[in-house]
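Trainee:
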Amino acid sequence: MSQALPLGSAFVIAARRSALGRPGGLHRARRLEALTAPIIEAALKDAKVPADQVEEIVLGNTTAGGNPARVVALAAGLDERAAALTVDRQCASGLDAILLGIRAVALGETQIAVAGGAESVSTAPWRIAKPRTLFQTPRFISAEGGAEGDTSFAFPSIAACEVLARRRGISRSEQDMQTLMAYLKADKARDDRRFVGEIVALRGTGEEARDENGGIPEIHELAELEPLMPPDGTHTAGNSASPRDGAAMVVIVTPEVYASLGKPPALRL
Numbered sequence: 096m097s098q099a100l101p102l103g104s105a106f107v108i109a110a111r112r113s114a115l116g117r118p119g120g121l122h123r124a125r126r127l128e129a130l131t132a133p134i135i136e137a138a139l140k141d142a143k144v145p146a147d148q149v150e151e152i153v154l155g156n157t158t159a160g161g162n163p164a165r166v167v168a169l170a171a172g173l174d175e176r177a178a179a180l181t182v183d184r185q186c187a188s189g190l191d192a193i194l195l196g197i198r199a200v201a202l203g204e205t206q207i208a209v210a211g212g213a214e215s216v217s218t219a220p221w222r223i224a225k226p227r228t229l230f231q232t233p234r235f236i237s238a239e240g241g242a243e244g245d246t247s248f249a250f251p252s253i254a255a256c257e258v259l260a261r262r263r264g265i266s267r268s269e270q271d272m273q274t275l276m277a278y279l280k281a282d283k284a285r286d287d288r289r290f291v292g293e294i295v296a297l298r299g300t301g302e303e304a305r306d307e308n309g310g311i312p313e314i315h316e317l318a319e320l321e322p323l324m325p326p327d328g329t330h331t332a333g334n335s336a337s338p339r340d341g342a343a344m345v346v347i348v349t350p351e352v353y354a355s356l357g358k359p360p361a362l363r364l
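All residue numbers for the sequence shown refer to the working numbering, where the first residue is 96 and numbers rise by one.
1. Consult DSSP for THR181 and reduce its assignment to one of helix, strand or coil.
2. Closer than 8 Å is the cut-off here; do at least three beta carbon pairs connect the stretch 132-149 with the stretch 304-323?
3. If we ignore side chains and look at the alpha-carbon of each, how far apart do ARG117 and THR349 end up?
4. Spell out the partners DSSP gives ARG234 in its beta bridges.
5. Check for me: the beta strand (DSSP E) holding LEU154 runs from which residue to which?
6. Where do the ends of the beta strand (DSSP E) carrying ARG126 lie?
7. I'd like to check one pair, ARG112 with GLU293: are the Cβ atoms closer than 8 Å?
8. The beta strand (DSSP E) that contains VAL291, what's its start and end?
9. If you reduce the DSSP assignment to three classes, tell me which class VAL348 lands in.
10. Does the distance from the CB of VAL153 to the CB of LEU127 come in under 8 Å?
11. Do PRO338 and HIS330 count as a contact pair if the criterion is CB distance below 8 Å?
12. Among ASN162, LEU121, VAL144 and MET324, whose alpha-carbon lies nearest the alpha-carbon of ALA254?
13. Is GLY328 helix, strand or coil when you go by DSSP?
14. With ILE314 as the anchor, note down where its alpha helix (DSSP H) starts and where it stops.
15. Put PRO163 into one of helix, strand or coil per three-state DSSP.
16. Please say whether ALA168 and GLU136 have beta carbons closer to each other than 8 Å?
17. Are there 16 or more other CB atoms within 10 angstroms of the CB of GLU351, so buried, or fewer, so exposed?
In C-alpha cells:
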C-alpha cells in the first residue's frame, strides 16, 4: 500500500474576479487572455508578489481548447518557466484548478501559484464534426456536446441534474425558490457594495464593475417556464445556470512565503 505524502499548509492571500458578462455582452470582444490577465495582475498586486516569482498557474476552462493557461500566463507577464496547466472538468473546472494549486503548494512542489477559472463564451472557437467523407458538409457541434440535429446528446448536464434531483427528492418548486433567494441575496450584496473589493473593472468604468444580469424574476415567472427535459423535468431556463463570460483567480503561497510577506489576512488551508 502506498503511503500518503506529508501535507503542509497553504495560504490564499489574494482573490480577484471580473464582472460577469452575458455572452455577446459586457466582454463580447475580449479573448480569454485579455479577460483573465488583468485579474491575475490585480491579484498579484494585492498580494505584493512580483509576477516573475509565480512558479505555476492552474486554470479551469472548458471552451478554449489547447492549453489556454499558457497563453494567459504569458499575457499576465508570468515567467516563461512557470508551469501552466489547464483543467477541464466542466462546471467544476475552476474549483478543481484552485484545489490543484493548493495541493501543489501544500506538498512543497511550488512556492507561489495562481489558480482559478475563466471562460470567454463570446469568443470561444466553434467546433465541427469531422466529415466522414471528403465531400460531406461539416456539421457544427453544439455547446451541449452533440452535432447539430443530433438529439442524443441534448442537455447532458441537465440530464445529470435531473437524476440527482430525483435521487435527493428535490422538487421543481424548491429549485425555483432557491433560485429566487439566490437572486435576492446577490442583489442585496451588490447594493451593500460587497463585491467592490473583488471585481476588477477592466476599463475603469462603473459598468464594468457590476455583474451583467437581467433583473430579479418573480416566483410565478419561474413557475411558468417550460422544463428543459419534458414532460416531467424539474430544470428550466430560469432555475439552471447559464453561460457567462468572466474570470476569477487566487494567489496561493507556502507558509514561508506568507511569513516573508508579513502575514497578511489570508485563508489557511
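Virtual Cβ for every residue (Gly too), placed ideally from N, Cα, C.
Mentor: Taking the coordinates as given:
1. Along the sequence shown, one-based indexing puts residue 181 at 86. THR181 falls in the strand class under three-state DSSP.
2. Taking a cut-off of 8 Å on C-beta distances, the stretch 132-149 does not touch the stretch 304-323, as fewer than three cross pairs fall below it.
3. On the sequence shown, residue 117 is found 22 positions in, with the first residue counted as 1. On the sequence shown, residue 349 is found 254 positions in, with the first residue counted as 1. Between ARG117 and THR349, the C-alpha separation is close to 36 Å.
4. Translated into positions along the sequence shown, residue 234 becomes position 139. According to DSSP, ARG234 bridges with ALA224.
5. Your numbering for residue 154 matches position 59 in the sequence shown. Taken as a continuous stretch (DSSP letters only), the beta strand (DSSP E) holding LEU154 covers 151-155.
6. Mapped onto the sequence shown, residue 126 falls at position 31. Note, ARG126: premise wrong, no beta strand (DSSP E); not H, not E.
7. In the sequence shown, the residue the question calls residue 293 occupies position 198. In the sequence shown, the residue the question calls residue 112 occupies position 17. GLU293 places its beta carbon less than 8 Å from that of ARG112.
8. Taking the first residue of the sequence shown as position 1, residue 291 is located at position 196. VAL291 -> no beta strand (DSSP E), and no H or E assigned at all.
9. In the sequence shown, the residue the question calls residue 348 occupies position 253. Secondary structure of VAL348 (DSSP, three-state): strand.
10. Your numbering for residue 153 matches position 58 in the sequence shown. Your numbering for residue 127 matches position 32 in the sequence shown. Not closer than 8 Å, so no.
11. On the sequence shown, position 235 is the one that residue 330 refers to. On the sequence shown, position 243 is the one that residue 338 refers to. The Cβ-Cβ distance between HIS330 and PRO338 does not fall below 8 Å.
12. Position 159 of the sequence shown, counting from 1, holds the residue named residue 254. It is MET324.
13. Translated into positions along the sequence shown, residue 328 becomes position 233. Coil, per DSSP.
14. Counting from 1 along the sequence shown, the entry for residue 314 is found at position 219. Membership of ILE314 in the alpha helix (DSSP H) is indicated by the continuous run 314-319.
15. The count along the sequence shown starts at 1 and reaches residue 163 at position 68. Shown here, PRO163 sits in a helix according to DSSP, grouped into three states.
16. In the sequence shown, residue 136 corresponds to position 41, counting from 1. In the sequence shown, residue 168 corresponds to position 73, counting from 1. No, the pair does not count as a contact, with Cβ atoms beyond the cut-off.
17. One-based indexing of the sequence shown puts residue 351 at position 256. Flag for GLU351 reads exposed.
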